[in-house]
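Notes for the one structure printed next.
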Amino acid sequence: MTHALILPILLPLFMGSLLLVLHRLEKPAKRVLSLSATVLAVPIAVWLLVLAGDGQLRIYALGNWQPPFGIILMLDRLSALMLLVTAVLATGAVVYASRGDDERGPNFHALFQFQLVGINGAFLTADLFNLFVFFEILLISSYALLLHGNGAARVRSGLHYVVLNLLGSAFFLIGVSMLYGLTGTLNMADLAVRIGAADPADAPLLAAAGFMLLIVFGLKAALLPLYFWLPSAYAAATAPVAALFAIMTKVGIYAILRVFTLLFGSAAGSLNYMVNDWLWPLALLTVAAGVIGALAARSLQVMLAYLVIVSVGTLLAGIALGSEQGISAALYYLIHSTLVAGGLFLLADLIARQRGDSETRLVVAPAVRQPLLLGALFFIGAISVAGLPPFSGFIGKVMLLSAVESGTQAMMLWSVLLVGGLGMVVALSRAGSLVFWLPSGSVPVGAPADPVRLLAAAGLLLGSLVLVIWAQPLQAYTQSTAIQLLDLGPYLRIIQGGGA
Amino acid sequence: MEALFAITLGVMTTSGVYLLLRARIFPVVMGLTLISYAVNLFIFSMGRLPTGMPSVIGKSAEYGDPLPQALVLTAIVIGFAMTAFVVVLALRGLGELRSDHVDGQEMRE
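The listed protein sequences derive, respectively, from chains A and B.
Going by numbering that gives the first Met the number 0, the first sequence opens with residue 0, and the numbers climb by one from there.
Going by numbering that gives the first Met the number 0, the second sequence opens with residue 0, and the numbers climb by one from there.
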């Protein structure tokens, strides 16, 4: 048993607590502490990725209580991949925040670290109730981070976000406790075994519990009828917070992927892959709704928030295919969309700083001071997010489009994704030309962009290029991740001698 | 007892949803609290509803399931923290938005 598994949880937890205790510390010291913990998470995540790369499942039994009785952490290829994406994104966000955004309110860095505890914990846990607990940790930090920096807009969208998520937590608890009442366990692997062996009379109740969980995860992931909180919340948050939130919808998607491939996967008897029929139309409609929202958006940040929704729909469509290729394509697209969305939120803030009072509203305003630099970065981000070559969005989309077998499914996916892509190009070029090509003629008002901030935004955006250069090994990795996810044998063997 | 328990939960949830839809901050907080009480009782009932079965081994022939009680305890603590947070947020909202409507503005007449 290697102790490395618990490091991604312990490190930010320790640093967050330290930052809380030492909250009187000078700003630079706090930044150094927070930055070092966040940067250190990257090599740890790489290490875990290498560990998970051999295809073994690694278990960390807390307190050495053996499963299914104790609470366990589990590392597979999927969790390692998610941890690495989180670590990279968080590094970009913290670097950006350290140039001044963290001064807008107290305890930014401590909250940021606690948020990372919640996110990393959700990716590592193999216990359904612990997933709930980690969700709550990441939510309560996200509430505080969302409100960070005050302002009426933040309070208003914050209130919606908090109330909705509290209701979501109630649903989560109902779903989890139903599963417990029916099976007598909360360990995911054990649940998978027992759901497979359940009495057929219990199947409708189990299905109801599963759909309860789908509602909760759909709310977190911003699936179609449940996404209305997202645009205003993301647009109101400060830039580094919005960038970090790019991973939050992916936590919901991760939970959908984990629960509905393992618990209600191929071992679940009559309930196998029960959500895919629902996910498929909802995912496609989410793409459509997101594109329409992006076309109608009146500020850059709202448009970016809708593009996040589009990426959620695209991802879930890949997952709903249920095939190896579908999941593999979705995972590649997940890495791409997280990094690029994070980078674009940071870039939007840089643009806002150079446009005076107009900020990111899409109106004619004084020219930005560095039109070439910011314009080029925006161009890269826009092309990548819209899925045009030569950037990673293109590769992700091609993988997804070729994953679907010909037939009605292919017709629907191809038309929705390609028409949606066109809509995104229109929305992005409208925004880009308004911001960069139609200045009102008056002298630029803003100061040149801070180089460190610029570096953080550009770093995340150019991650897209790295994804293209290393597309082949990455695709091999996501492919083997999908194979691992769909082969339940090793997961079920976690519970040795237990189960039914 | 099961029927009484189920009806109680139903009434609490219904009242909670009704209050939540009032869209004023105080009723919303009350509604969320009621829903979380109902959920907590629901978790508790998932250990079944026996009588005379303490969750301690050796005190009686059969013993109750202690795990739902532990889960409820966790859920109560988390729910309590969240309620406290919403109340503080509601006060902030009242101060900043000058309205107790959850949208921060009165509906147009």
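Where a beta carbon is used, it is the ideal one built from N, C-alpha and C, also for glycine.
Note that the coordinates shown come from a computational prediction; the quantities given were computed from them, not determined experimentally.
List, in order along the chain, the chain B residues whose C-beta lies closer than 8 Å to that of V154/A? Locating residue 154/A in the first sequence gives position 155, counting from the first residue. Those within 8 Å of V154/A in chain B are L88, R91, G92, E95, L96, G103.
Cα separation between V418/A and I394/A? Translated into the one-based positions of the first sequence, residue 418/A becomes position 419. Translated into the one-based positions of the first sequence, residue 394/A becomes position 395. Their Cα atoms are separated by approximately 17 Å.
Considering Cα atoms alone, identify which of G268/A, V403/A, L144/A, L185/A is closest to A202/A. Position 203 of the first sequence, counting from 1, holds the residue named residue 202/A. Comparing alpha-carbon positions, the option among G268/A, V403/A, L144/A, L185/A lying closest to A202/A turns out to be G268/A.
Count the other CB atoms within 10 Å of the CB of Y17/B; is the residue buried (16 or more) or exposed (fewer)? On the second sequence, residue 17/B is found 18 positions in, with the first residue counted as 1. Y17/B counts as exposed, since fewer than 16 other beta carbons sit within 10 angstroms of its beta carbon.
In this structure, how does DSSP classify H2/A when only helix, strand and coil are distinguished? Here residue 2/A is taken as the residue at index 3 of the first sequence, counted from 1. Helix at H2/A.
Residue of G420/A, A282/A, V20/A, D100/A minimising C-alpha distance to L146/A: Here residue 146/A refers to the residue found at position 147 when the first sequence is read from its first residue. When only C-alpha atoms are compared, the closest one is D100/A.
In terms of DSSP beta bridges, what is A60/A paired with? Looking up residue 60/A in the first sequence gives position 61. A60/A pairs with I71/A.
Excluding the 5 residues flanking I75/B on each side, which residues of the same chain have their C-beta closer than 7 Å to its C-beta? As a working note, residue 75/B is residue 76 in the second sequence. Around I75/B: N39.
Using a cut-off of 9 Å between C-beta atoms, extract the partners of T7/B located in chain A. Your numbering for residue 7/B matches position 8 in the second sequence. Within 9 Å of the CB of T7/B, no CB atom of chain A is found; the nearest one sits about 15 Å away.
May I ask you to report which of helix, strand or coil DSSP gives S439/A? Along the first sequence, read from residue 1 onward, the residue named residue 439/A stands at position 440. S439/A falls in the coil class under three-state DSSP.
Taking 7 Å as the threshold (beta carbon to beta carbon), is Y226/A in contact with chain B? To locate residue 226/A, count along the first sequence from 1; it is residue 227. Interface criterion not met: the Cβ of Y226/A is under 7 Å from no Cβ in chain B.
Tell me, please, whether the CB atom of M81/B is closer than 7 Å to any CB atom in chain A? Reading the second sequence from its first residue, position 82 is the one you call residue 81/B. Yes, because at least one Cβ of chain A sits closer than 7 Å to the Cβ of M81/B.
Where do the ends of the alpha helix (DSSP H) carrying L223/A lie? Working through the first sequence from its first residue, we reach residue 223/A at position 224. For L223/A, there is no enclosing alpha helix (DSSP H), as DSSP marks it with neither H nor E.
I118/A to L487/A, Cα distance in whole Å? As a position in the first sequence, residue 118/A is number 119, starting the count at 1. As a position in the first sequence, residue 487/A is number 488, starting the count at 1. Distance between the alpha carbons of I118/A and L487/A: 24 Å.
Determine which residues share a DSSP beta bridge with H100/B and list them. For the purposes of this step, residue 100/B is taken as the residue at position 101 of the second sequence. For H100/B, which the question treats as bridged, DSSP gives the partners R23/B.
Identify whether D100/A lies in helix, strand or coil by the three-state DSSP scheme. Here residue 100/A is taken as the residue at index 101 of the first sequence, counted from 1. Under the three-state reduction of DSSP output, D100/A falls in the helix class.
V424/A versus A385/A - alpha carbon distance: Here residue 424/A corresponds to residue number 425 of the first sequence, with the count starting at 1. Here residue 385/A corresponds to residue number 386 of the first sequence, with the count starting at 1. The straight-line gap separating the alpha-carbon atoms of V424/A and A385/A is approximately 6 Å.
F128/A - containing alpha helix (DSSP H), residue span: Within the first sequence, the letter at position 129 stands for residue 128/A. DSSP places F128/A in the uninterrupted alpha helix (DSSP H) bounded by 127-145.
So what does DSSP say about T124/A, is it helix, strand or coil? Position 125 of the first sequence holds residue 124/A. Here T124/A carries a strand assignment [DSSP, helix/strand/coil].
Are I502/A and I58/A close, meaning C-beta to C-beta below 7 Å? Because residue 502/A is not part of the residues shown, which for chain A are 0 to 499, the question remains open.
Beta-carbon gap between P365/A and V444/A smaller than 7 Å: Stepping through the first sequence from its first residue, residue 365/A is reached at position 366. Stepping through the first sequence from its first residue, residue 444/A is reached at position 445. Result yes, Cβ atoms of P365/A and V444/A sit closer than 7 Å.
Which residues mark the beginning and the end of the alpha helix (DSSP H) in which A319/A is found? The residue labelled residue 319/A in the question sits at position 320 within the first sequence. Per DSSP, A319/A belongs to the alpha helix (DSSP H) from 299-320.
Relative to the C-alpha of G342/A, which candidate in F244/A, P230/A, G217/A has its C-alpha closest? Along the first sequence, one-based indexing puts residue 342/A at 343. Distances from the CA of G342/A to each of F244/A, P230/A, G217/A were compared; the closest alpha carbon is that of F244/A.
Between which two residues does the alpha helix (DSSP H) carrying S327/A extend? Walking along the first sequence from the start, residue 327/A turns up at place 328. Taken as a continuous stretch (DSSP letters only), the alpha helix (DSSP H) holding S327/A covers 323-352.
Can the beta-carbon of L166/A be found closer than 7 Å to that of L127/A? In the first sequence, the residue the question calls residue 166/A occupies position 167. In the first sequence, the residue the question calls residue 127/A occupies position 128. L127/A is positioned such that its CB atom lies no closer than 7 Å to that of L166/A.
What residues in the region 28-54 of chain B have a beta carbon less than 7 Å from any beta carbon of chain A? Listed in sequence order: L31, I34, S35, V38, F41, I42, M45.
How about L484/A and A188/A: are their beta carbons less than 7 Å apart? To locate residue 484/A, count along the first sequence from 1; it is residue 485. To locate residue 188/A, count along the first sequence from 1; it is residue 189. It is not a contact, given that the beta carbons lie outside the stated cut-off.
According to DSSP, is R30/A part of a helix, a strand, or is it coil? Within the first sequence, residue 30/A is the residue found at index 31, counting from 1. The DSSP-derived three-state label of R30/A is helix.
Kindly indicate which three-state DSSP category R360/A falls into: helix, strand or coil? In the first sequence, the residue the question calls residue 360/A occupies position 361. Note: R360/A maps to strand in three-state DSSP.
Determine the burial state of A5/B: buried for a count of at least 16 other Cβ atoms within 10 Å of its Cβ, exposed for fewer. Sequence index remark: in the second sequence, residue 5/B carries index 6 (1-based). Here A5/B is exposed: its Cβ has fewer than 16 other Cβ atoms, across all protein chains shown, within 10 Å.
Starting from E135/A, find everything on chain B with Cβ-Cβ shorter than 7 Å and list it in chain order. As a first step, residue 135/A is located in the first sequence; it is residue number 136 there, counting from the start. Those are I77, listed as they occur along chain B.
Any idea what DSSP makes of S35/A, helix, strand or coil? What you label residue 35/A is simply residue 36 of the first sequence in a count that begins at 1. Looking at S35/A - three-state DSSP - the assignment turns out to be helix.
List, in chain order, every chain B residue whose beta-carbon is nearer than 7 Å to that of Y142/A. The count along the first sequence starts at 1 and reaches residue 142/A at position 143. Simply F84.
Using beta carbons (cut-off 7 Å, strictly below), is S298/A in contact with chain B? The residue labelled residue 298/A in the question sits at position 299 within the first sequence. Output row for S298/A: interface = no.
Please compile the residues from chain A whose C-beta is within a distance smaller than 7 Å of the C-beta of A74/B. Position 75 of the second sequence, counting from 1, holds the residue named residue 74/B. What A74/B touches in chain A, judged by beta-carbon distance under 7 Å, is L172, going in chain order.
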